[in-house]
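Chemist: This is the structure, below, for whatever I ask next.
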Amino acid sequence: MAIVTLDNVKKNYMLGTTQVPAVRGVSFEIEKGDFISIAGPSGSGKSTILNMIGCMDTPSEGTVIVNGKDISQLNDYQTTMLRHETIGFIFQSFNLIPVLNVYENIEFPLLLGKAGTKSSEIKKQNKEWIEYLIAEVGLERWIHHKSNELSGGQRQRVAIARALVTKPTIVLADEPTANLDSKTGEEVIELMKKINHEMDTTFIFSTHDATVVGIADHVIRLKDGLITENIRKGA
Amino acid sequence: MMNTFKFARRLLLATAFFTITSASAFAITNEELQEKLSLSDYRATFSGSDFQATIKMVSTDPTFTEPKVREYTQFRRDGNDAMVMVTLLPEVDKGQGKLRIDENMWSYDPESRNFTHTTLKENIEGTDVKNNDMKKPTIATDYTVVGFKEGKLGAFDVYIIDLKAVNEEVPYAFQKAYMRKDNFVLLMIQSYSLTDRLLRTTYYPTYSKIDDKYIATTTIYKDELVAGKQTTVTMFNISLAPIPDTVFSKAYIEKINK
Amino acid sequence: MIVRQIALRNVLRQKRRSLLLIAAIAFGAFAITLLTGITGGIEGNTRGNLTNLYGGHLYIRGVERLETGTLIQVIRDETPLVAAIDEAGIEVESVLKRTSIRGSLIMGSFESSATIMGVDWKEEALLKERLPLVSGSFDSGMAENSIIIPEKLALKLKAEVGDEILARMTTVTNQNNVVNFIVAGIAKDTSDYADAYSYADLDYTAKALNLQPGEFQSLNILLKDADSTDAAAAILQETMAKTLTVSVRPTTTDPTTSTTVATGGETVTSPVPATGKTGGMGGMGGMGGMGGGMSSLRSSLGTVAGVSGVPGATTDAAVGKPIYSISTINDMMKTVDNLLSILDSIGKAAFGILLVITMVGIGNTFRMMLLERTKEIGTMRALGMQRKEVLWVFLYEAIFLGLAGSLAGILLAFVIGFASQLLPMSGINSLFLLRGHISFVIDYVMVAIVLASLIALSVIAAFSPSRRASLLDPAAALRSTH
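Protein chains in written order, with the numbering used here: chain A, 1138 to 1372; chain B, 62 to 319; chain C, 197 to 678.
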């Protein structure tokens, strides 16, 4: 069953008074557990597509269905809820919250919404889960450090742990390796892949890094707002 | 011989004169003395003319290191019972003014530009002189003669007159007035409290005579409760020339300060 | 929870900027808290000092016209007054007969001005308690002409216990008079307001004033409950008016011009001199400014003390028929309260201006924060933070700033206020002081208002930028370079 469905999606942006098409009619499906790379040069529309899958933007035409919900039909509160419950984000420049330490950054999504009403049992479970994730990304020694005390690779590991903490069905990663050296980038991708296997989490990432594309088992290539290639490896 | 006769005649005349005067002295009554007091008041009251003088007050006090001097220009119009006094000395108080009309008195402070109502029974600042002392005398109306005796004050033969206030609002309950027998001029007044204690002695050592008026050019006020405390008041530049009406107003006191 | 945590961390993040805002808020809170604390202290001290000085909260004075037309202050017979107090059902602690003489005391060649209160020693237990003596005593050898003088005066006159001193004064009719006293005690200098007064026997002072034994000038009532002063005055007024002539208490709305005299049914209106020596209670209303206030305060205090002779009363008084007037501690306090309310208004205006400036500062800071944190807001929104929560992150930041600032200011004001109580104050009217020291009285309501208003105003100032932050488009915010 498809976890994400795009059906003839078009997206136009207003640049001054002229309409600029960013996505010009794209349709594809992503299955649960996919490790999918959306590749293409900058300006090809991959960020726009990622934003729509991430419920941060809506299509000008066509439908985007995430986890069975048409995002065009939701209001801000509902899309935020959908994001919170379904999607984890990994950003190109990590976007950790500077005032929080490693543990708190990872914990952050769990504390949103009705966090205050959770029982101590759940809180205890959450704590174990966060500590597990920290171990998983190898940052036990850095647990109380703030983001400005960490290296790029370490920050992205924190971001990965944060993206996973709500046990999302989909993790969106926008150029996750762009700000990392190639070795660290590979390690990060390896980590994502490992989690993909262990937890059956769907990973969708935009990239123009060939190495990253190589690891993906589903690649969609874009150019000028249109799909040029949609390959599913080993399927 | 001629000389002897002349001498005898003179002696006779002199004897006769003294006999007459002393006889009349013995014959004087409380009522007559009351009239003499009225005469004394009349002589110091300028109802037909205005009165202007410079008044100097020199006060000594055991707590002062040196006497304090105050000087005023005084304008009096006894016909309307009005008076204005403007301070000349000390320098710090220069321009302060007092205006009195009947029983109402105001003092003006140029600094705050305010008139404050004061009473005639208050002392002039830092002296033993009461505001009341600076107006026309009313001893004959304020006091009743209750008795007298004869005596001497220095070289002068005097009546020592016992006075009692006509009501409880006169500044002193009792006074003793020392009046010269020959010309009925007051030389000294002793003022007593309700409890019959001597509070103040006032001396009039020098007088100046203008027409039928007697002006006490020197007055000494001696505090009898505090030894060494007294104020000597002297008057000079005396004039009985008419004073413009405008002087007796608050506006005048304000104006001289501009 | 996380919202407050992030807000708090954000406050701490830009320490210098936050400190600046906190300092600005704190300054306002400090100034207004200190001011109200000190004016409150002045109010309380003045009230206490006056209550102690006059031995009560309500004062009945009597005025009588003499044959000559002069009005004098005297109560010849207290029986109808005491009956009225009983009938009115006022709960009294004590009822004291008093006279007051302003004159001077003389010993040898030393003379010093003095106010002598005539008191009935048998009834003045409280006064004795409040007047610790450095030498002499109240009880042994108290004669009719015994006097208790303050230490300062004793030093000035070089007088000791047992010395005879003279007192110069004027009688109720302003006649010069002098009586002798024997110093029975010297009151310790506690820098208390009442310290400046000498105390002597009621009948003896009456005699000095040319009153008869048993006559006095005012009847001062100490109530069980000070807060009931106004009510008690009203009831007493009403009760006394049934049988006695009582001048109507001036109201705050028309304090200067006239006073109405109720005479058991008939009502007469008559003018009251508003200023000057015979000012009476009317003198208190004619307040033009600070200076005028002080002088009218002096005249109103003088009046209750009975030293200025005639209180505000009708000129229509019949000869030999007393007219009574009731004044209260609150009447006397009006002048002080007026002064303080001017001070208060100035303080509040300054506080207001300060607040406006601070609010502009807070608003600007929050707009800057919005720009700096756009990307962060985008991230939080992406991670599932709702708009409302973003709004609250910012608003909590404003709340914390307001709270920290106002608490710091209030605490500093407490510290300075209480510390200033320890310093002896010279050059300030001791009427305002408590034994020579200023008092700092915390007005908890005011503190709560300061706290609440500063927090509320911080929130109001921060609201518009905070709302803009919450409405940011998450995708666009994430693209921001900040």
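Cβ coordinates follow ideal geometry from the N, Cα and C atoms, glycine included.
#1: For the beta strand (DSSP E) that contains Lys270 (chain B), what are its first and last residues?
#2: Would you list the residues sitting across from Val1356 (chain A) in a DSSP beta bridge?
#3: From this set, A:Asp1337, A:Gln1156, A:Pro1313 and A:Lys1330, which residue's C-alpha is nearest Ser1184 (chain A)'s C-alpha?
#4: With DSSP as the reference, please indicate the residues paired to Gln1156 (chain A) in a beta bridge.
#5: Whose Cβ in chain C lies nearer than 9 angstroms to the Cβ of Tyr1269 (chain A)?
#6: Is the separation between the beta-carbon of Met118 (chain B) and that of Thr188 (chain B) shorter than 9 angstroms?
#7: Please report the distance separating the alpha-carbon of Asn245 (chain C) from that of Ala422 (chain C).
#8: Taking Cβ positions, are Asp223 (chain B) and Phe245 (chain B) nearer each other than 9 angstroms?
#9: Three Cβ pairs or more, each shorter than 8 angstroms: is that satisfied between the region 1343 to 1350 of chain A and the region 1164 to 1173 of chain A?
#10: How many angstroms separate the CA atom of Thr1155 (chain A) from the CA atom of Ala672 (chain C)?
#11: For Asp203 (chain B), report the span of its alpha helix (DSSP H) as first-last.
#12: Between which two residues does the alpha helix (DSSP H) containing Ile238 (chain C) stretch?
#13: Check each residue of the region 293 to 311 of chain C: if its Cβ is closer than 8 angstroms to any Cβ of chain B, include it; give the result in chain order.
#14: In chain B, what lies closer than 8 angstroms to Thr367 (chain C) by C-beta?
#15: Near Asn681 (chain C), which residues of its chain fall below 7 angstroms by C-beta distance, leaving aside the five closest residues on each side in sequence?
#16: Keeping to the same chain, check which residues put their C-beta closer than 6 angstroms to that of Leu630 (chain C); ignore five residues upstream and five downstream.
#17: Is Ser252 (chain B) closer than 9 angstroms to Tyr331 (chain B) when the C-beta atoms are compared?
#18: Provide the residue span of the alpha helix (DSSP H) that contains His1345 (chain A), from first to last.
#19: So, at 6 angstroms on beta carbons, what are the nonlocal neighbours of Leu591 (chain C) in its own chain, with the 5 sequence-adjacent residues on each side left out?
#20: What are the start and end residues of the alpha helix (DSSP H) that includes His1334 (chain A)?
#21: For Tyr282 (chain B), write down the residues that DSSP places opposite it in a beta bridge.
#22: Using a Cβ cut-off of 7 angstroms, pull out every chain A residue sitting near Lys211 (chain C), in sequence order please.
#23: Does the region 1286 to 1299 of chain A come into contact with the region 1211 to 1221 of chain A, if we say contact requires no fewer than three beta-carbon pairs (one atom in each stretch) closer than 8 angstroms?
#24: Only counting the same chain, and skipping five residues up and downstream in sequence, which positions put a Cβ closer than 8 angstroms to that of Met166 (chain B)?
#25: What residue range is occupied by the uninterrupted beta strand (DSSP E) comprising Met195 (chain B)?
#26: Which bits of chain C does Met1329 (chain A) rub up against, with CB to CB less than 9 angstroms?
#27: Name the two residues that bound the continuous alpha helix (DSSP H) containing Ile1190 (chain A).
#28: At what residues does the beta strand (DSSP E) containing Tyr220 (chain B) begin and finish?
#29: Taking the straight line between their C-alpha atoms, what separation do you get for Gly140 (chain B) and Phe112 (chain B)?
#30: Taking the runs of the alpha helix (DSSP H) that are 4 residues or longer, which of them lie wholly in the region 374 to 420 of chain C?
#31: Any residues in the region 118 to 140 of chain B with a beta carbon nearer than 9 angstroms to a beta carbon of chain C? Which ones, in chain order?
#32: Which residues in the same chain have their Cβ closer than 7 angstroms to the Cβ of Ala203 (chain C), if we skip the five residues on either side of it in sequence?
#33: Using the Cβ count rule (16 or more neighbours within 10 Å means buried), how would you classify Pro198 (chain B)?
#34: Taking Thr115 (chain B) as the reference, which of B:Asp122, B:Met195 and B:Glu183 has the closest Cα?
#35: Would you identify the three-state DSSP class for Phe298 (chain B), choosing helix, strand or coil?
#36: Since Asp639 (chain C) and Thr232 (chain C) should fall inside the 8 angstroms C-beta cutoff, what is the C-beta to C-beta distance between them, to a whole number of angstroms?
Modeler: Let me lay it out:
#1: Annotation for Lys270 (chain B): the continuous beta strand (DSSP E) segment containing it runs Leu259 to Ile271.
#2: Per the DSSP secondary-structure output, Val1356 (chain A) pairs in a beta bridge with A:Ser1174 and A:Ile1368.
#3: Ser1184 (chain A) has its Cα closest to that of A:Pro1313, out of A:Asp1337, A:Gln1156, A:Pro1313 and A:Lys1330.
#4: DSSP links Gln1156 (chain A) through a beta bridge to A:Met1151.
#5: What Tyr1269 (chain A) touches in chain C: nothing, since even the nearest Cβ is about 19 angstroms away.
#6: In this structure, Thr188 (chain B) lies closer than 9 angstroms to Met118 (chain B) by Cβ.
#7: Each residue's Cα considered, the two are about 13 angstroms apart.
#8: Here Asp223 (chain B) is not near Phe245 (chain B), since their CB atoms are 9 angstroms or more apart.
#9: No contact exists between the region 1343 to 1350 of chain A and the region 1164 to 1173 of chain A.
#10: In this structure, the alpha-carbon of Thr1155 (chain A) lies about 19 angstroms from that of Ala672 (chain C).
#11: Element bounds for Asp203 (chain B): Ile200 to Asp203.
#12: Ile238 (chain C) -> alpha helix (DSSP H) spans Lys211 to Tyr250.
#13: Result list: Ile302, Gly304, Ser305, Phe306 and Glu307.
#14: Simply Glu229 and Leu255.
#15: Missing from the structure shown is residue 681 (chain C); chain C here goes from 197 to 678 and no further.
#16: Excluding residues within five positions, the ones whose Cβ falls inside 6 angstroms are Asn241.
#17: The displayed coordinates of chain B run from 62 to 319. Any statement about residue 331 (chain B) would go beyond what the structure contains.
#18: Looking at the DSSP string, His1345 (chain A) is not in any alpha helix (DSSP H), and its letter there is neither H nor E.
#19: Taken in chain order, the residues that qualify are Val655 and Ser662.
#20: Looking at the DSSP string, the run of the alpha helix (DSSP H) that includes His1334 (chain A) is Ser1319 to Met1336.
#21: Note: Tyr282 (chain B) sits in a beta bridge opposite B:Thr263 and B:Thr292.
#22: By Cβ distance, chain A contributes nothing, its closest Cβ being about 12 angstroms from Lys211 (chain C), past 7 angstroms.
#23: Taking 8 angstroms as the limit for Cβ pairs, the verdict is that the region 1211 to 1221 of chain A does not touch the region 1286 to 1299 of chain A.
#24: Result list for Met166 (chain B): Lys159, Leu160, His178, Thr179, Thr180, Leu181 and Asn192, in chain order.
#25: Following the DSSP letters along the chain, one finds Met195 (chain B) in no beta strand (DSSP E), marked with neither H nor E.
#26: Within chain C, no residue comes near Met1329 (chain A); the closest Cβ sits about 18 angstroms away, beyond 9 angstroms.
#27: For Ile1190 (chain A), the enclosing alpha helix (DSSP H) begins and ends at Lys1183 to Ile1190.
#28: Looking at the DSSP string, the run of the beta strand (DSSP E) that includes Tyr220 (chain B) is Phe217 to Ala226.
#29: Their backbone Cα atoms lie some 11 angstroms apart in a straight line.
#30: At a cut-off of 4 residues, the continuous stretches assigned as alpha helix (DSSP H) that sit fully inside the region 374 to 420 of chain C are 398 to 404.
#31: Asp122, Pro123 and Thr124: these are the residues of the region 118 to 140 of chain B whose beta carbon lies less than 9 angstroms from some beta carbon of chain C, given in chain order.
#32: Hits under 7 angstroms: Val589, Tyr592, Glu593 and Phe596.
#33: Pro198 (chain B) should be labelled buried.
#34: The shortest C-alpha to C-alpha distance from Thr115 (chain B) to any of B:Asp122, B:Met195 and B:Glu183 is the one to B:Met195.
#35: The amino acid at residue 298 (chain B) is misidentified as Phe; the sequence shows Asn. Three-state result, Asn298 (chain B): strand.
#36: Going by Cβ atoms, the distance from Asp639 (chain C) to Thr232 (chain C) rounds to 5 angstroms, so yes, they are a contact pair.
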